[in-house]
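Here the working numbering is used: the first residue of the sequence shown is 1452, the next is one more, and so on. Glycine included, every Cβ here is placed at the ideal spot set by N, Cα and C.
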Amino acid sequence: MTTAPAAPAAPVTSGGPAGAVRAPLGPADVAAAAARIAGHVRRTPLLPGLPAPDLHRTGRRLLLKAEHLQYGGSFKLRGAANAVLALGARRIVTGSSGNHGIALARLAAALGAEVTVVLAGGAHPAKIALIRALGGRTLGVPGGVAERDARARALAEETGAVLVPSSDHELVVAGQGTVGLEILAEVPDAETVYVPTGGGGLLAGVCLAAYGHPVRVVGVEPAGSPRYARSLAAGHPVRLAPGDTVADGLRGQQPGAVPYPVIRDRVDDLVTVSDAEILAAAALLRRRGIEAEPSGAVALAGAMRAGRGSGRAVAVVSGGNTTAALTAAAAAAAAPTASRTERPPHAARTARTTRTTPTSHTTPTTRSLLEEIS
């Protein structure tokens, strides 16, 4: 476990890739993002959480921020929408392990834009298929995340397209931070928020949203890709050898230039969890009627390791793009246009999220969850 220093009194100033907004990154950026993306994202629900026995009898009541119900199946749409809308991008390039590419492909279809998604080896085939079904172009490259992102940067420079990274961009971080704003608006007395951590955009954004609030923000990383845990322990960003984890969306070798200083200065704690713990958390969610991909269950895995707490805690279920959900979404995207005209493009949702819409929470699995823990 690595504990970060206390939050500073002033906004963090961070650099970032070419084309990023060069300004102090602070809570106001998250508020601006919330206003900007309001018509393009879903305000996801907080689901009543798991009984104490499932949390090793910690006595803590846990709520689940259901970002698996977001359009596109993950929180990634928030940062993607904030960046694309703020920059007015119509030709977009990104490097992605899948969910960010899905979000951009959906958004591009709604805005009449073009997007090319660069993917490294190991990207989920069903995620690649969905990106293509949504109208996005894909480009596979050998190597890992570093090679993928380098190719995306080069492609943007070659074509004049706007590069929208999956996490290492001020506008993306601010957009992801709207997850934190929604949590604190609904649970102002939350004691702890557990946030899955890969590239760091979501964790940094939630840290910004929580600035000045007494809530503790805890990042949770897979042990197979502990780039922030190692960097915080070293006191500076470090580059790791390629690792592996069942949480494919959280793989990477080094912290982002934008998220790192925010996380370094503002996160309260950062823990790592094993693949076994991640899979156990995903299985627990399934038993409660929530389909989460392994990356989406990482925060719950961290909460299950936590010590006793007296207040309410929130774990972000960051994504639900399981193979079955992705296959259904690709089929829906490929369906005749006439069958989908009743939904505006930016509100197009996967077959999975249509069946589990948060408007009423009346699906059998969700109803069972609510009845069981009420």
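Query	Result
Hey, could you find the ends of the alpha helix (DSSP H) R1678 is sitting in?	1678-1685
Less than 7 Å between C-beta atoms, sequence neighbours within five positions excluded: which residues of the same chain meet that for G1675?	G1694, D1695, T1696, D1726
Specify whether the stretch 1623-1630 and the stretch 1477-1486 touch according to this definition: at least 3 beta carbon pairs, one from each stretch, less than 8 Å apart.	yes
Along the chain, where does the beta strand (DSSP E) that runs through V1669 open and close?	1667-1673
Rounding to the nearest angstrom, what Cα-Cα distance links G1771 and A1779 in this structure?	12 Å
If contacts are defined as beta-carbon pairs under 8 Å, then R1599 and V1569 qualify, I think. What distance do you get, rounded to the angstrom?	5 Å
Using C-beta distances below 6 Å, list every residue in its chain close to Y1711, excluding the 5 sequence neighbours before and after it, in chain order.	P1688
Could you tell me which uninterrupted alpha helix (DSSP H) segments, each at least 4 residues in length, are contained entirely in the stretch 1586-1669, listed from first to last along the chain?	1596-1610, 1621-1627, 1629-1637, 1652-1660
Please state whether DSSP places G1512 in a helix, a strand or coil.	In the sequence under discussion, the amino acid at residue 1512 is Arg, which differs from the Gly named in the question. Strand, per DSSP.
Where DSSP assigns a beta bridge to R1763, which residues make up the other side?	R1512
Would DSSP call E1728 helix, strand or coil?	helix
For A1574, count neighbouring C-beta atoms within 10 Å of its own C-beta (all shown protein chains included) and say buried if the count is 16 or more, exposed if not.	buried
How big is the Cα-Cα spacing for A1540 and G1611?	11 Å
Please state whether DSSP places T1801 in a helix, a strand or coil.	Unreliable placement is indicated for T1801, whose pLDDT of 35 sits below 50; the coordinate value is still reported in the next sentence. It is coil, neither helix nor strand.
Checking 8 Å against the spacing of the C-beta atoms, do L1683 and P1647 come in under that value?	no
Return the CA-CA distance between H1664 and G1591, expressed in angstroms with no decimal places.	42 Å
Can you give me the Cβ contacts of L1528 inside the same chain, cut-off strictly under 6 Å, excluding the 5 residues immediately before and after it?	V1492, Q1521, Y1522, A1554
In this structure, how does DSSP classify I1741 when only helix, strand and coil are distinguished?	coil
Whole angstroms is fine: what's the gap from A1764's alpha carbon to A1605's?	42 Å
Determine the extent of the alpha helix (DSSP H) in which G1747 is found, giving its start and end residues.	Looking at the DSSP string, G1747 is not in any alpha helix (DSSP H), and its letter there is neither H nor E.
Could you check which residue in R1583, L1585, P1673 has the C-alpha nearest to that of L1751?	P1673
Does the Cβ of D1480 have 16 or more other Cβ atoms within 10 Å, making it buried, or fewer, making it exposed?	buried
Could you tell me which residues DSSP pairs with I1543 in its beta bridges?	V1566, V1613
Within its chain, find whatever has a CB closer than 6 Å to the CB of G1546; leave out the 5 residues flanking it on each side and keep chain order.	V1569, R1599, D1600, A1603
I need the boundaries of the alpha helix (DSSP H) containing G1530, first residue and last residue.	1527-1538
Taking buried to mean at least 16 other C-beta atoms within 10 Å of its own C-beta, is R1756 buried or exposed?	buried
Assuming Y1711 is part of the alpha helix (DSSP H), what are its boundary residues?	1710-1717
Have a look at A1580, D1699, V1713 and flag the residue whose alpha-carbon is nearest the alpha-carbon of P1677.	D1699
Report the CB separation of A1584 from A1731 in whole angstroms; it is logged as a contact under 8 Å.	In fact, because the Cβ distance is near 32 Å, the residues do not count as touching under 8 Å.
How about P1478 and A1660: do their beta carbons lie closer than 8 Å?	yes
How big is the Cα-Cα spacing for G1587 and G1762?	44 Å
Excluding sequence positions up to five away, which residues of its chain have a Cβ less than 7 Å from the Cβ of D1640?	G1762, R1763
Taking 8 Å as the cut-off, decide whether the C-beta atoms of Y1679 and I1714 are in contact.	yes
Identify, in the order they occur along the chain, each residue of the same chain with its Cβ nearer than 6 Å to the Cβ of A1743, setting aside the five sequence neighbours on each side.	H1519, A1733, L1736, V1768, G1771
Would you report the Cα separation of S1548 and V1644, rounded to the nearest angstrom?	25 Å
Would DSSP call T1774 helix, strand or coil?	helix
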